[in-house]
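Undergrad:
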DNA sequence: ACCCTGACCGAAATCGGTTTCGATTTTCTC
DNA sequence: GAGAAAATCGAAACCGATTTCGGTCAGGGT
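Protein chains in written order, with our numbering: chain A, 2 to 344; chain B, 2 to 344.
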């Protein structure tokens with residue numbers, strides 16, 4: 002039988018307010034009645050209704066999760082999924098559950114702000130990597146605490162986490178350089194992808210920094226961060242007849258697609274072309290050749306996002322950003338640079 | 002400024018009830034006042050509070066998502082992620098949002114039923130593939146509509162979807178058989194994995210059905226459905242010095258792990274050992290060799306789960322199950338069976 | 001002019017909690 | 001043992017919606 006606070010109160014012979022106080026650790030309840038009431042709560046398996054509680058307190062202990070951007074990443078992108086996993090776990094220990102807004106109900110309207118109000122979420126996390134849309138800006142500027150993952154939110158109650166994309170790029174160039182490569186190519190996502198652009202900009206800068214010249218013909222772009230885009234991009238490079246000796250792909254999936262295209266044409270990785278990816282998703286370890294990549298600390302990104310959001314919700318911070326350090330993970334797709342590097 | 006129904010009513014010069022009726026398509030409101038009120042709602046961007054609505058109606062339009070089982074699959078298993086993606090999309094068009102319970106808050110208590118009541122979810126989907134835990138049974142037996150994905154729920158208000166695991170196994174054996182293989186091995190998940198066991202049972206039966214003999218030494222098990230387990234399992238097979246000519250792995254990730262182990266020992270796939278996986282996750286297309294596998298129709302599983310749940314919620318069905326047909330996808334890891342088969 | 005009928009609208013109870021503040025009881029102090 | 005302080009408890013307003021049911025009013029029929 003479905004319980005509510007009134008029934009509990011009756012059974013215990015106390016008032017509704019007393020039961021409520023007990024559930025919320027008020028101090029003005031005697032140990033004796035507290036025990037008695039808790040006993041009954043235990044027996045009946047009573048759980049307070051979240052909607053009633055939310056209605057009364059205007060707090061829901063719910064975090065909205067938004068996958069922004071045109072290409073519906075949703076759960077398909079391994080990088081975001083891993084960040085999300087870590088975020089969910091951390092948010093769980095902080096006492097919050099996650100609610101995922103479906104985009105289908107409001108097709109093209111994407112009115113995230115309204116839905117945040119609708120559900121009374123205490124805060125939300127926005128996962129993107131693409132350009133900022135108006136609907137997101139509205140949220141960013143609102144009073145609702147928001148954390149962007151790979152999305153630069155600058156509102157008063159907002160913050161974001163991302164990896165240092167410039168450092169990512171410069172680590173790649175350095176590695177290529179030390180391995181003796183001077184002809185560096187790049188495979189990115191679509192032109193309006195903020196993250197891809199940062200990596201490209203950092204790459205270009207690092208190339209100059211090492212005194213190399215960049216060849217625009219070796220810079221190609223796919224439609225997204227997924228494997229087929231990398232495959233297509235590398236094929237276009239191959240067809241041009243002018244291949245660089247080393248290619249940095251803005252995601253591991255792009256890199257994997259590039260490798261597949263190369264192999265299909267009978268070209269060897271790393272002997273003919275060296276490849277470095279980005280993210281360090283699990284698959285990197287299982288492919289052949291295993292993929293040299295830049296690791297983004299996905300677990301830390303998730304934990305940081307959770308803590309920043311928590312602080313924002315509890316007014317213990319004013320927003321801001323956290324940029325986490327990437328790390329070069331040397332595997333096979335660039336040759337055994339290990340030996341040379343460790344010398 | 003945050004709106005509520007009362008303010009809207011005042012601004013429009015009508016009563017609260019009238020506004021509510023307009024929001025819910027009641028017929029006893031004149032076109033004129035309806036237009037006037039809608040105008041104001043539009044201008045103010047008013048969205049009704051879900052908690053107040055849920056409190057009053059006892060419907061939340063929320064679906065709880067539960068990852069059951071000891072090994073925290075969460076978002077890490079590509080198969081479930083794809084089913085979930087499709088489920089989320091379909092549930093979205095039906096007007097529902099998803100809420101993910103975190104396990105951390107109630108460590109080891111896993112009292113899913115209470116949390117369903119707490120959030121007033123209209124139904125929930127339980128993703129598993131492992132054995133049934135008591136906390137799930139409680140939910141299954143409750144009045145809350147539940148759909149299991151790879152989990153056999155039999156309650157009065159429950160149902161489940163899964164692929165036909167026996168057919169999966171028999172398609173594998175048939176394919177191996179037609180390719181001329183007579184020595185068939187198996188790599189499964191842990192012994193208490195329901196799904197793995199079904200596939201194994203079907204495999205054993207099919208082997209007998211083709212008049213072959215099964216060799217228990219060629220049947221090994223990992224700890225889960227992930228890559229490292231497959232790697233370890235294949236290594237133990239290799240170490241035994243007695244390798245089958247063909248191996249069916251209960252998941253693609255297991256299969257990929259097995260391939261990696263084989264390659265590491267200088268063995269060739271498919272020349273030395275043929276491999277078939279299961280699920281047809283995206284990665285199958287990108288590995289080398291590409292992986293022959295049994296495709297589970299993940300999109301259909303998700304859509305079916307959504308519709309079954311919807312019907313259950315609206316009392317339009319009495320539960321039951323849907324078993325979807327698997328399909329053999331021939332790629333490289335068994336050799337070019339294509340030619341022989343198409344003859 | 002009167003009654004009847006439908007169309008339209010609103011008052012008020014309700015959902016299940018929280019929180020304030022005053023009332024009552026207990027304990028303490030001298 | 002009286003009075004004050006502290007501890008304990010409950011009445012009632014409130015959160016923002018829904019829904020029932022009765023009231024008002026316009027217009028049509030006679």
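Positions of the beta carbon are idealized from the N, C-alpha and C atoms, including for glycine.
Can you give me the Cβ contacts of residue 271(A) inside the same chain, cut-off strictly under 6 angstroms, excluding the 5 residues immediately before and after it?
TA: The residues are 334, 335, 336.
Undergrad: Would you list the one or two residues that DSSP bridges to residue 208(B)?
TA: According to DSSP, residue 208(B) bridges with nothing at all.
Undergrad: Going along the chain, which unbroken runs of the beta strand (DSSP E) with 3 or more residues stay wholly within the stretch 139-223 of chain B?
TA: Those beta strand (DSSP E) runs which fall completely within the stretch 139-223 of chain B and span 3+ residues are 147-150, 159-164, 185-189, 220-222.
Undergrad: When the Cα atoms are used, what is the spatial distance from residue 175(A) to residue 283(A)?
TA: Their backbone Cα atoms lie some 24 angstroms apart in a straight line.
Undergrad: Could you list the residues in the stretch 114-127 of chain A with a C-beta less than 7 angstroms from some C-beta on chain B, going in chain order?
TA: Cβ contacts with chain B come from 115, 118, 119, 120, 121.
Undergrad: Need the endpoints of the beta strand (DSSP E) that residue 280(A) sits in, please.
TA: It spans 275-280 - the beta strand (DSSP E) in which residue 280(A) sits, taken as one unbroken run.
Undergrad: Using 8 angstroms as the limit for Cβ to Cβ distance, is residue 274(A) near chain B?
TA: No, because no Cβ of chain B sits closer than 8 angstroms to the Cβ of residue 274(A).
Undergrad: Using a 10 Å radius around the Cβ and a threshold of 16 neighbouring Cβ atoms, would you call residue 59(A) buried or exposed?
TA: That one is exposed.
Undergrad: Is there contact here, the stretch 126-140 of chain A with the stretch 287-296 of chain A, by at least three beta-carbon pairs under 8 angstroms?
TA: No: fewer than three Cβ pairs fall under 8 angstroms.
Undergrad: If I'm right that residue 287(B) touches residue 180(A) with Cβ under 8 angstroms, what's the distance once you round it to whole angstroms?
TA: About 25 angstroms; that fails the 8 angstroms criterion.
Undergrad: Out of 215(A), 213(A), 78(A), 262(A), point me to the one whose CA is closest to residue 231(A)'s CA.
TA: Out of 215(A), 213(A), 78(A), 262(A), 262(A) has the C-alpha closest to the C-alpha of residue 231(A).
Undergrad: Assign residue 163(B) to one of two classes, buried (16 or more other C-beta atoms within 10 Å of its C-beta) or exposed (fewer than that).
TA: Burial call: buried.
Undergrad: Where in the stretch 50-112 of chain A do unbroken runs of the alpha helix (DSSP H), each at least 4 residues long, occur, reported from the N-terminal end onward?
TA: Complete alpha helix (DSSP H) runs here, min 4: 51-58, 79-94.
Undergrad: Give me the chain B residues within the contact set of residue 1(A), using Cβ-Cβ distance strictly less than 8 angstroms, ordered along the chain.
TA: With chain A running from 2 to 344 in the structure shown, residue 1(A) is simply not present.
Undergrad: Given this structure, state the Cα-to-Cα distance separating residue 80(B) from residue 113(B), to the nearest angstrom.
TA: Going by the C-alpha atoms only, they are around 23 angstroms apart.
Undergrad: Where do the N-terminal and C-terminal ends of the alpha helix (DSSP H) with residue 322(B) fall, by residue?
TA: From DSSP, residue 322(B) is part of no alpha helix (DSSP H) but of the beta strand (DSSP E) over 321-325.
Undergrad: Which residue from 12(A), 268(A), 152(A), 239(A) puts its Cα closest to that of residue 40(A)?
TA: Cα-wise, what sits closest to residue 40(A) is 12(A).
Undergrad: What three-state label does DSSP hand residue 335(A) in the structure shown?
TA: Residue 335(A): coil per DSSP, three-state reduction.
Undergrad: Taking only beta-carbon atoms, is residue 334(B) less than 8 angstroms away from chain A?
TA: Not one chain A Cβ lies under 8 angstroms of residue 334(B).
Undergrad: Please state if the CB of residue 309(B) and the CB of residue 145(B) are separated by a distance shorter than 8 angstroms.
TA: For residue 145(B) and residue 309(B), no; Cβs fall outside 8 angstroms.
Undergrad: Going by beta-carbon coordinates alone, are residue 98(B) and residue 68(A) separated by less than 8 angstroms?
TA: For residue 98(B) and residue 68(A), no; Cβs fall outside 8 angstroms.
Undergrad: Opposite residue 124(B) in the DSSP bridges: which residues?
TA: Looking at the DSSP assignment, residue 124(B) forms a beta bridge with 64(B).
Undergrad: My output table needs one value for residue 20(A): the three-state DSSP class, helix, strand or coil.
TA: If DSSP states are grouped into helix, strand and coil, residue 20(A) belongs with the helices.
Undergrad: Return the CA-CA distance between residue 150(A) and residue 218(B), expressed in angstroms with no decimal places.
TA: Near 48 angstroms, if we compare the C-alpha coordinates of residue 218(B) and residue 150(A).
Undergrad: Kindly confirm or deny that the stretch 199-212 of chain B and the stretch 224-243 of chain B touch, where touching means at least three C-beta pairs closer than 8 angstroms.
TA: In short, these stretches do not touch, since the Cβ pair count stays below three.
Undergrad: I need the boundaries of the alpha helix (DSSP H) containing residue 311(A), first residue and last residue.
TA: Unbroken alpha helix (DSSP H) run through residue 311(A): 299-314.
Undergrad: Secondary structure at residue 260(B), three-state DSSP: helix, strand or coil?
TA: Reduced to three states, the DSSP call for residue 260(B) is helix.
Undergrad: With 7 angstroms as the C-beta to C-beta threshold (strictly closer), list the residues of the stretch 69-88 of chain A near chain B in chain order.
TA: Hits within the stretch, in order: 75, 76, 77, 82, 85, 86.
Undergrad: If I measure Cβ to Cβ from residue 108(A) and keep anything under 8 angstroms in the same chain, skipping five residues before and after, which residues do I get?
TA: Caution is warranted here: a pLDDT of 43 is assigned to residue 108(A), below 50, making its placement in the model unreliable, and no coordinate value can be reported.
Undergrad: Any beta-carbon of chain A closer than 8 angstroms to the one on residue 278(B)?
TA: With 8 angstroms as the cut-off, residue 278(B) does not count as an interface residue toward chain A.
Undergrad: Under the rule that 16 or more other beta-carbon atoms within 10 Å means buried, what is residue 221(A), buried or exposed?
TA: Residue 221(A) should be labelled buried.
Undergrad: Who are the neighbours of residue 100(B) on chain A, taking C-beta pairs under 8 angstroms?
TA: Neighbours of residue 100(B) on chain A, chain order: 63, 98, 99, 100, 101.
Undergrad: Assuming residue 182(B) and residue 52(A) form a contact by the criterion Cβ under 8 angstroms, report the distance between their Cβ atoms to the nearest whole angstrom.
TA: With a Cβ gap of about 59 angstroms, residue 182(B) and residue 52(A) do not count as contacting.
Undergrad: Measuring CA to CA, which of 32(A), 190(A), 266(A) is closest to residue 253(A)?
TA: Measuring from the Cα of residue 253(A), the nearest candidate turns out to be 190(A).
Undergrad: Less than 8 angstroms between the beta carbons of residue 248(B) and residue 187(B), yes or no?
TA: Closer than 8 angstroms, so yes.
Undergrad: Can you look up residue 288(A) in the DSSP assignment and give me helix, strand or coil?
TA: Reduced to three states, the DSSP call for residue 288(A) is coil.
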